[in-house]
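**Q** Numbering (UniProt numbering), first residue to last: 1 to 583.
Note that the Cβ used here is the ideal one computed from N, Cα and C, for glycine as well.
Please read these numbers as outputs of a predicted model, since none were measured by experiment.
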Amino acid sequence: MDNNAAQNVAEGNASKPPKLLIKGGKVVNADKTENVDVLVEDGVITDIGYDLAAPPGTMVIMADGRYVIPGGIDPHTHLEFEFMGTKSVDDFYKGTRAAIAGGTTMVIDFAIALPGQSLLEVYDKYRSMADPKVCCDYGLHVGITWWSRTVSKEMELLCAQHGVNSFKLFMAYKNMFMVDDGELYEAFARCKELGAVAMVHAENGHVIEKNVHKLKQAGVTGPEGHEMSRPEEVEAEAVHRAAMIASQTGCPLYVVHVMSESAAKVIEERRNAGQTTLFGEALAAGLGTVAPDGKCSFEVAAAHIMSPPLRKTRSTPLALMKALASGALQTTGTDNCTFNKNQKALGKEDFTKIPNGLNGLEDRMSVIWDKGVNTDIIDPQKFVEITSTNVAKIFNLYPKKGCIEIGSEADIVIWNPDKSKKISATTHNHACDFNIFEGMVVRGVPETVIVKGKVCYQHGRLMDSKGHGSFVPCQVFPPHVYGRREGKYRPDAGDCGKAKDTQYCLNTLNFPERQLLTSALQKAAPTAQRGCLKLFKVSFTFSLPLVTIEGFIQTMVPLYKCHSTLISRSRSHGHENLLRINS
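What follows is the structure, encoded as structure tokens:
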């Protein structure tokens, strides 16, 4: 970057993002690598090509052969989370600031309702906390800890009106968050109806409770009791049970924080057996380190406490990385939920009172690159896939997020694969006073981080803006999850009089579109019953001329009455509710 451009970045952060041209880099997407330039205007990628010319007023950034990758998306954070009698110290400002410093440009946090609490109430609470503070974009999963008709109705409202398409349930934390199998079944079935993604914390809470009781009777009170009470098979059994219930309800299931080889194998086996809408998430912590040995201090041991726990087996990080490489697991997150030493000390005399949580937001990308790419277990394209693209696809953010394509938002990282850094709590950007990767030297770091078209980090310097990020609604029925492959789905043609086929086709559209289209189809129903039209097809494409949904319906109804129609839905360039007719 030239001197004038650097000054513009330093002084103009609060203003409209300038035009940017990234030249001379290797653009890496999940499916390809190209030596091309990238032009950014108004926060959106507007051109990709060879030797692009810089329009007047454009800031030119020379990538000099480095990788140009989509910004990371962390699907699992807990910022400002009230938990176990205290609150995580990374708030939405410091947490997203740390994320940017590590090359992550979007987080998806959890708004978790307590038993009896309104889901809408906790959603509103998190929006009010996050909106003024976030430095990068964010989304919200909503946690369900109880079941009722009210919860079911609020799930529908969250999907239809509030941009939520995922709900997390807990099989552990008995008497706090845990639901039973019947409630899991009801919630999974409701997710399927709504086109949402079910998520689960998979551990057998009943067995954990019994194990804790036995350990305390035996006099175990220190941090070592945490992992002892939650062995691998307790996690693996719950993963299998949750996957079975998801299979019975036909619901897609995303298993958060897979921490053991046994649990990863359960997911792999069920996917190989045909349950392809079962997804697994590894964490930076589980990929980068293991549980400390019993000789360490309380402070060190307590800092590593999370659930499911870090495993002591030295082969676990490698096994989890290989599971990502093979496709047995699909995404990487952090479960970033940071507490200071004095907060961890709440469990000094009782390991069950140690607040569960650790860091990872700032170091995720570098740890995964170092442990995966530098060891030749994964290549740069797989790195992009597991740190960004797959998350975007599963939660219906793609191709707005998760790739470098024309029309995608300009969340871009220039990645230096040769530069190293030493991780330390004394230099990180988190609010916590401990780092589980303390002293680790990693090779591969972000050099420049662009968030929504604005340079927010460069050469170790953060130029973040509180409130620069915004909430990103996640639409229901993500194509990657609900029965489609490679972003495309084409149902077999059939008689429109078959209600189930019509509904299945309607389910490929987002909630507002389905309402509008259903109304149009109902008006045309008498003609359909006379058999004048075979069931229209729906396919997903990424670069088509567009018309509005209202214009589509005006055109659709007469076409519906006379001949077959192919409808192609475009999700490119961030446009929503836009369709094209192919007659």
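Please report the distance separating the alpha-carbon of Gly288 from that of Lys422.
**A** As a first step, residue 288 must be located in the sequence shown, where it is residue number 288. As a first step, residue 422 must be located in the sequence shown, where it is residue number 422. Roughly 14 Å between the two C-alpha positions.
**Q** If you draw a straight line from the alpha carbon of Gly444 to that of Ile386, how long is it in whole angstroms?
**A** Counting from one through the sequence shown, the residue named residue 444 turns up at place 444. Counting from one through the sequence shown, the residue named residue 386 turns up at place 386. Cα-Cα distance, rounded: 16 Å.
**Q** In this structure, does DSSP put Phe167 in helix, strand or coil?
**A** Along the sequence shown, read from residue 1 onward, the residue named residue 167 stands at position 167. DSSP places Phe167 in strand when its eight states are reduced to three.
**Q** Using the Cβ count rule (16 or more neighbours within 10 Å means buried), how would you classify Ala273?
**A** Indexing the sequence shown from 1 puts residue 273 at position 273. Burial call: exposed.
**Q** Where do the ends of the alpha helix (DSSP H) carrying Asp124 lie?
**A** The residue you call residue 124 lines up with position 124 of the sequence shown. 119-130 is the span of the alpha helix (DSSP H), which, as asked, contains Asp124.
**Q** Go to Pro380, then tell me how far its alpha helix (DSSP H) extends in each direction, as first and last residue.
**A** Position 380 of the sequence shown, counted from the first residue, corresponds to residue 380. That run of the alpha helix (DSSP H) goes 380-384.
**Q** Closest Cβ-Cβ distance between Asn340 and chain D: below 8 Å?
**A** The structure shown contains no chain D; it holds only a single protein chain.
**Q** Beta-carbon within less than 8 Å of Ile73's beta-carbon, same chain only, minus the 5 sequence neighbours each way: which residues are those?
**A** As a working mapping, residue 73 is identified with position 73 in the sequence shown. Taken in chain order, the residues that qualify are Thr104, Thr105, Met106, Val107, Ile108, Thr387, Ser388, Val391, Ala392, Leu397, Lys401, Gly402.
**Q** Between the alpha carbons of Phe434 and Thr334, how many angstroms are there, rounded?
**A** Taking the sequence shown and counting its residues from 1, the one referred to as residue 434 is at position 434. Taking the sequence shown and counting its residues from 1, the one referred to as residue 334 is at position 334. C-alpha separation (whole angstroms): 15 Å.
**Q** Out of curiosity, what's the CA-to-CA distance linking Phe471 and Phe395?
**A** Looking up residue 471 in the sequence shown gives position 471. Looking up residue 395 in the sequence shown gives position 395. Each residue's Cα considered, the two are about 14 Å apart.
**Q** I need the boundaries of the alpha helix (DSSP H) containing Asn211, first residue and last residue.
**A** Taking the first residue of the sequence shown as position 1, residue 211 is located at position 211. Unbroken alpha helix (DSSP H) run through Asn211: 205-217.
**Q** Could you please give the first and the last residue of the uninterrupted beta strand (DSSP E) stretch that includes Phe279?
**A** By 1-based counting over the sequence shown, the position of residue 279 is 279. Its beta strand (DSSP E) spans residues 278-283.
**Q** Do you know offhand how far Asn35's Cα is from Pro70's?
**A** Counting from one through the sequence shown, the residue named residue 35 turns up at place 35. Counting from one through the sequence shown, the residue named residue 70 turns up at place 70. Computed Cα separation, rounded: 15 Å.
**Q** Going by beta-carbon coordinates alone, are Ile144 and Lys125 separated by less than 8 Å?
**A** Here residue 144 is taken as the residue at index 144 of the sequence shown, counted from 1. Here residue 125 is taken as the residue at index 125 of the sequence shown, counted from 1. Going by C-beta atoms, Ile144 is not nearer than 8 Å to Lys125.
**Q** For Val441, does the count of other Cβ atoms within 10 angstroms reach 16, so buried, or fall short, so exposed?
**A** Numbered from 1 along the sequence shown, position 441 holds the residue referred to as residue 441. With fewer than 16 Cβ atoms within 10 Å of its Cβ, Val441 is classed as exposed.
**Q** Excluding the 5 residues preceding and the 5 following Glu447 in the sequence, name in chain order all residues of the same chain whose CB lies nearer than 6 Å to its CB.
**A** As a position in the sequence shown, residue 447 is number 447, starting the count at 1. Counting only Cβ-Cβ distances below 6 Å, and skipping sequence neighbours, we find Ile414, Asn416.
**Q** Measuring alpha carbon to alpha carbon, tell me which residue in Gly195, Lys192, Glu227 is nearest Glu209.
**A** Within the sequence shown, the letter at position 209 stands for residue 209. It is Glu227 whose Cα lies nearest to the Cα of Glu209.
**Q** Using the Cα positions of Ile48 and Met59, report the straight-line distance between them to the nearest angstrom.
**A** For the purposes of this step, residue 48 is taken as residue 48 along the sequence shown, with counting starting at 1. For the purposes of this step, residue 59 is taken as residue 59 along the sequence shown, with counting starting at 1. So the two alpha carbons sit approximately 16 Å from each other.
**Q** What's the call for Lys454, buried or exposed, on a 16-neighbour Cβ count within 10 Å?
**A** Numbered from 1 along the sequence shown, position 454 holds the residue referred to as residue 454. Its Cβ being crowded by 16 or more others within 10 Å, Lys454 is buried.
**Q** Use the C-beta contact count for Met199: other C-beta atoms within 10 angstroms, 16 or more gives buried, fewer gives exposed.
**A** Taking the first residue of the sequence shown as position 1, residue 199 is located at position 199. Buried, since its Cβ has 16 or more Cβ neighbours within 10 Å.
**Q** Classify Ser420 as helix, strand or coil using the three-state DSSP reduction.
**A** Along the sequence shown, read from residue 1 onward, the residue named residue 420 stands at position 420. Here Ser420 sits in strand by DSSP.
**Q** Which residue's Cα is closest to the Cα of Lys174: Ser148, Val212, Thr150?
**A** For the purposes of this step, residue 174 is identified with residue 174 of the sequence shown, where counting begins at 1. Looking at the Cα atoms, Val212 is the closest of the given residues.
**Q** Taking the straight line between their C-alpha atoms, what separation do you get for Ile100 and Ala264?
**A** Stepping through the sequence shown from its first residue, residue 100 is reached at position 100. Stepping through the sequence shown from its first residue, residue 264 is reached at position 264. About 29 Å.
**Q** Buried or exposed for Lys312, please, with buried defined as at least 16 other CB atoms from any protein chain shown within 10 angstroms of its CB.
**A** As a working note, residue 312 is residue 312 in the sequence shown. Per the 10 Å Cβ criterion, exposed.
**Q** Taking its Cβ as the centre, do 16 or more other Cβ atoms sit within 10 Å of His76, making it buried, or is it exposed?
**A** Sequence index remark: in the sequence shown, residue 76 carries index 76 (1-based). Answer is buried; the Cβ neighbour count reaches 16.
**Q** Quick one: grab the DSSP three-state call for Lys16.
**A** Numbered from 1 along the sequence shown, position 16 holds the residue referred to as residue 16. Coil, per DSSP.
**Q** Please list, in chain order, all residues of the same chain as Gly531 whose beta carbon is under 6 Å from its beta carbon, the five residues on each side excluded.
**A** Translated into positions along the sequence shown, residue 531 becomes position 531. Bear in mind that a pLDDT of 33 at Gly531, under 50, signals an unreliable position, so the number given afterwards is only what the model happens to contain. Closer than 6 Å at the Cβ level, and outside the excluded window around Gly531, lies no residue.
**Q** Considering only residues of the same chain and omitting the five flanking positions on each side of Ser424, which have a CB-CB separation below 8 Å?
**A** Walking along the sequence shown from the start, residue 424 turns up at place 424. Only Asn435, Glu438, Gly439 meet the Cβ criterion.
**Q** Have a look at Lys16 and Asp42 and give me their C-alpha separation to the nearest angstrom.
**A** Taking the sequence shown and counting its residues from 1, the one referred to as residue 16 is at position 16. Taking the sequence shown and counting its residues from 1, the one referred to as residue 42 is at position 42. About 8 Å.
**Q** Helix, strand or coil: how does DSSP classify Cys337 here?
**A** On the sequence shown, residue 337 is found 337 positions in, with the first residue counted as 1. Three-state DSSP puts Cys337 in coil, outside helix and strand.
**Q** Can you look up Phe188 in the DSSP assignment and give me helix, strand or coil?
**A** Working through the sequence shown from its first residue, we reach residue 188 at position 188. Here Phe188 sits in helix by DSSP.
**Q** Given a cut-off of 8 Å on the beta-carbon distance, is the pair Pro308 and Glu235 in contact?
**A** One-based indexing of the sequence shown puts residue 308 at position 308. One-based indexing of the sequence shown puts residue 235 at position 235. Taking 8 Å as the Cβ cut-off, Pro308 and Glu235 qualify as a contacting pair.
**Q** Nearest to Gly294 by alpha carbon, out of Phe279, Gly225, Asp370, Lys382?
**A** Counting from 1 along the sequence shown, the entry for residue 294 is found at position 294. Of the candidates Phe279, Gly225, Asp370, Lys382, the one whose C-alpha sits nearest the C-alpha of Gly294 is Gly225.
**Q** Taking the alpha-carbon of residue 584 as reference, which of Leu79, Gly483, Phe170 has the nearest alpha-carbon?
**A** Residue 584 falls outside the range modelled here, since the chain spans only 1 to 583, and no answer is possible.
**Q** How many angstroms separate the CA atom of Leu521 from the CA atom of Gly95?
**A** Against the sequence shown, residue 521 aligns to sequence position 521. Against the sequence shown, residue 95 aligns to sequence position 95. Low confidence applies here, because Leu521 scores a pLDDT of 48, under 50, leaving its location unreliable; read the following figure in that light. Using only the alpha carbons, I get a separation of about 47 Å.
**Q** If you drop the 5 nearest sequence neighbours on each side, which residues of the same chain put their C-beta closer than 6 Å to that of Arg485?
**A** Sequence index remark: in the sequence shown, residue 485 carries index 485 (1-based). Because Arg485 sits at a pLDDT of 33, beneath the cut-off of 50, its placement in the model cannot be relied upon, and the point is left open.
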